[in-house]
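Numbering (this note's numbering), first residue to last: 11 to 543. The block underneath contains the structure these notes are about, expressed in structure tokens.
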């Protein structure tokens with residue numbers, strides 16, 4: 011489009027090359043119009059004429075789109091004349107409206123869904139779907155995908171639970187071979203410790219560690235890490251307690267693999283005359299109660315409402331249903347004053363820990379009249395691991411729980427605890443523990459469902475002395491994002507959770523902390539094909 015003003019300023023000529031407007035001439039009488047008026051006229055024409063061109067183009071195009079009505083033209087041209095050239099905003103609003111409509115409707119039963127987005131697009135083209143039908147099918151596809159992902163996640167958690175609860179073939183082989191060695195090799199049956207060292211077992215000038223486990227390889231790692239990290243290993247005494255079936259193998263391992271100058275004692279639960287079902291009836295009930303056995307060994311999905319359960323909550327519930335929680339070995343720490351009547355102070359260790367620093371300083375900690383030196387788990391940088399309060403362990407809708415406990419009270423950790431046995435003997439901690447176990451049994455496990463820590467949280471209430479978190483770092487068995495540098499600096503690292511370092515499901519980047527203390531050159535380890543994972 012061209013605008014031409016004659017030299018005399020008496021005429022204007024407008025021409026176009028596209029054929030819509032060929033020629034327009036305007037003649038102006040010089041005597042009746044001023045230059046200012048002429049200038050304003052030119053400006054107005056310069057503003058309006060592009061719209062004349064646009065109008066002409068749209069009229070032509072509407073013929074193609076079969077939209078010749080004035081109303082149609084107005085609806086199409088109006089927004090453009092008002093400067094709103096881009097319709098994307100309106101289209102997005104219309105699409106939001108359709109999505110809201112579809113979200114409020116029920117998806118028809120038996121609807122056939124495409125398997126991919128490409129199939130959906132192809133189906134749209136072939137069947138001329140409108141926007142609402144497209145949105146409905148898209149919603150149905152997304153909900154189907156969400157269900158499949160959710161089901162897959164729960165299946166993964168179930169498989170992980172079974173893997174964590176089972177005994178790896180290599181560890182089972184190790185126990186069998188060592189048991190056979192115990193029966194055939196007199197050296198494997200030698201007394202632990204040797205007779206001249208027996209007085210040390212009750213000597214309070216030594217540092218006494220108690221380890222309760224039926225895992226021979228894990229026990230060896232705990233002992234090896236403690237001895238290698240100690241500045242005075244000759245002051246270390248380990249009291250290892252195991253069950254009857256593992257006793258021979260455990261004894262054989264430490265008889266054949268001494269950790270001199272440290273001292274190791276291995277005892278079986280059956281060797282404690284007073285620790286019988288008659289003397290501890292509540293443990294008999296825990297192991298034999300039908301509801302308990304069904305809870306820990308039955309169908310973990312039966313009666314579970316997975317629709318309102320998050321994967322993390324489901325994982326916690328599965329962990330709480332580990333069969334180890336009804337094992338006597340897991341309850342032994344509540345009987346430490348009776349197990350070691352001549353000792354004043356002991357450190358109790360779980361079998362899934364690694365010691366990286368000399369722990370002799372623990373015996374110098376003043377517990378200030380408290381019984382249990384433990385790391386609190388309600389505060390710390392890791393909001394998943396270090397955010398535990400009583401509300402995380404107890405059902406506060408139960409009247410007995412609501413009456414006696416505070417949901418905001420800080421929890422603490424088992425795994426590495428220093429116990430003042432002299433102070434403990436003056437309390438009723440064991441009786442409190444038994445009482446709450448019985449009450450939970452009466453309530454059909456509705457007061458708590460997470461292992462042995464909840465009754466201990468109650469029994470030791472008022473008897474806890476918090477120790478520095480650097481003594482005991484938790485979560486390496488379920489927190490894959492564990493801070494590696496902090497783990498290196500911690501005195502004790504704890505693989506609490508399902509992903510134990512001796513299992514295939516253990517976290518590979520956290521396993522080296524544990525494997526460095528495994529003797530892979532040992533004949534029994536090699537013959538059972540317990541290779542570095």
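The beta carbon of each residue, even a glycine, is placed where N, CA and C say it ideally should be.
Unbroken alpha helix (DSSP H) runs of no fewer than 4 residues, entirely contained in the region 113-193, are found at 127-137, 141-175, following chain order. DSSP places residue 280 in the helix class (H, G or I) of the three-state scheme. Between residue 432 and the set 244, 516, 349, 137, the nearest pair of CA atoms involves 349. Annotated as proximal: residue 124 and residue 133, with beta-carbon spacing under 8 Å. In this structure the region 486-503 does not touch the region 191-201; the number of beta carbon pairs closer than 8 Å is below three. If you ignore the 5 residues before and after residue 517, its C-beta comes within less than 6 Å of the C-beta of 490, 509, all in its own chain and listed in chain order.
Residues 362, 505, 506, 507, 508, 509, 510 of the same chain have their beta carbon placed closer than 7 Å to that of residue 487, with the five preceding and five following residues left out of the count. A direct Cα-to-Cα measurement between residue 249 and residue 427 gives close to 15 Å.
Residue environment: residue 127 is assigned as exposed (fewer than 16 neighbouring CB atoms within 10 Å of its CB, all protein chains considered). A residue is called buried once 16 or more other Cβ atoms fall within 10 Å of its Cβ, and residue 343 is buried on that count. When the Cα atoms are used, residue 466 and residue 443 turn out to be separated by approximately 6 Å.
CA-CA distance, residue 485 to residue 458, rounds to 21 Å. A contact is defined here as three or more CB-CB pairs under 8 Å, and the region 256-275 meets this definition with respect to the region 218-232.
Between residue 205 and the set 527, 387, 274, the nearest pair of CA atoms involves 274.
The beta-carbon separation of residue 377 and residue 217, rounded to 16 Å, does not stay under the 8 Å limit for a contact. Assigned with DSSP and collapsed to three states, residue 384 falls in strand. Separation of residue 441 and residue 535 (C-alpha to C-alpha, rounded to the nearest whole angstrom) is 42 Å. Under the DSSP assignment, residue 260 falls in the alpha helix (DSSP H) whose first and last residues are 254-266. Three or more Cβ pairs closer than 8 Å define a contact, and the region 390-400 falls short of that threshold against the region 444-454. The Cβ atoms of residue 145 and residue 112 lie closer than 8 Å to each other. The continuous beta strand (DSSP E) containing residue 355 extends over residues 355-359.
Excluding five sequence positions before and after residue 191, the CB atoms of its chain that fall closer than 6 Å to its own CB belong to 198, 262, given in chain order. Under the DSSP assignment, residue 231 falls outside any beta strand (DSSP E), being part of the alpha helix (DSSP H) whose first and last residues are 226-239. Contact between residue 369 and residue 497 does not hold, since their C-beta atoms are separated by about 17 Å, which reaches or exceeds 8 Å. Assignment of beta strand (DSSP E) within the region 420-459, counting only whole runs of 3 or more residues, yields 426-430 in chain order.
With fewer than 16 neighbouring CB atoms inside 10 Å of its own CB, residue 414 falls in the exposed class.
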